[in-house]
Each structure stands twice: as C-alpha cells, then as structure tokens.
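Our numbering numbers the first residue of the sequence shown as 2 and each following residue consecutively. Here the structure is laid out as structure tokens; the discussion comes afterwards.
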Amino acid sequence: MFNNIQNNDFANIVKGRRSVRKYDENVKISKEEMSEMIAEASLAPSSANMQPWRVVVVDTPEGKEKLRPLVRFNTLQNDTSSAMVLIFGDTQSYFYAEEIYNTAVEQGKMPAEAFGLDEERYVPVMIISIGKAKEEGHESVRLGSDKITFGK
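Here it is as structure tokens:
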C-alpha cells in the first residue's frame, strides 16, 4: 500500500520534486493506491471549506487517446504514465455547503467537455501525470516568489 512511502518533511518533499517526462510503462498504480492518494490530497484546506476540486482519473488507453490532443506538449507523459489526473474547479461547489457544514464559477474548456463534464460548472485547473519514473526527472526553473506574489 502507498502508506509506506510517507515523508513528513515538507521542505524535502517540495525541494526534491522533479519534472518527470517519461514513466515506466510497466508500472501500474492500482485503483486502491490512486484512491488513497486522492483521499489524502483532498484533505488540503480550501476557502470556506468549499472543497471545489473535482478529479477525473484517466488510466485507460481509450481515455488517454481522447486526452492526447488536449496535452499536445505533454504527450510523452500522457503516453507513458500510469494515469493522468485531471483537476477541475467546481463552480457550483456551494451546493455542497449544507453537507459540508453539517458534517464538520467560470466556463470549462475542452477537457471538461471531452470527459463528459458540464463545462458551465467545471473549469479545468490542472492535469497531473502519475507513474514511476523510467528516467531521472529534470530540475525545473521556478519563478521567484517576488514574481508571483503581489501586495495590495
């Protein structure tokens, strides 16, 4: 199970991340492991606890073929990864407010439509490739915090 890989040192995790371009196509992530990773990621805080993220896991050859034209600069990741994880923002997440509090908004583009989601409700946020690296990942150039942070 995925639990044996946990590392709680946030700085090591963030600084050690790499941009993997090619994955080992023989390694498949089980539905159970994928569900566990998504469950843990979904614990992230969100504004007003609205939890606006919605996740589509694309792990079939047919799904990846449908996704391929939408990730034209990342086709190697799409073709070799165990799965592509599409993250959408739910513009109607407030509908869950009652459920959320009892227990504790833009147009989507092609990915939402391609995967049968209501593009009026779901907006694409990101697509993440998941798998075991076949080659060592590349360090990526990051913008400095002074270039992405604005004070008002």
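Built from N, CA and C at the ideal position, the CB exists for glycine as well.
Rounded straight-line distance, which links the Cα of residue j to that of residue i
| i | j | result |
| --- | --- | --- |
| Lys23 | Val72 | 14 Å |
| Glu136 | Asp80 | 15 Å |
| Val21 | Glu99 | 40 Å |
| Tyr123 | Asn75 | 22 Å |
| Pro46 | Glu121 | 24 Å |
| Gln93 | Asp119 | 11 Å |
| Asp10 | Gly145 | 22 Å |
| Ser161 | Ile129 | As displayed, the chain neither begins before 2 nor continues past 153, which places residue 161 out of reach and without an answer. |
| Ser43 | Phe116 | 21 Å |
| Ala49 | Gly90 | 14 Å |
| His139 | Ala12 | 18 Å |
Pair within 8 Å by beta-carbon distance, residue i and residue j
| i | j | result |
| --- | --- | --- |
| Tyr95 | Met51 | yes |
| Lys148 | Val28 | no |
| Trp54 | Ile14 | no |
| Val86 | Ile30 | no |
Residues that DSSP places opposite residue i in a beta bridge
| i | result |
| --- | --- |
| Arg55 | Phe89 |
| Tyr24 | Ala134 |
| Val126 | Beta-bridge pairing links Val126 to no other residue. |
| Ala84 | Ile131 |
Range covered by the alpha helix (DSSP H) that runs through residue i
| i | result |
| --- | --- |
| Val15 | 11–16 |
| Lys32 | 32–42 |
| Lys65 | 62–68 |
When the Cβ atoms of the segment 28–45 are set against those of the segment 63–78, are three or more pairs found closer than 8 Å?
no
Does the segment 55–67 touch the segment 10–18, meaning 3 or more C-beta pairs lie closer than 8 Å?
no
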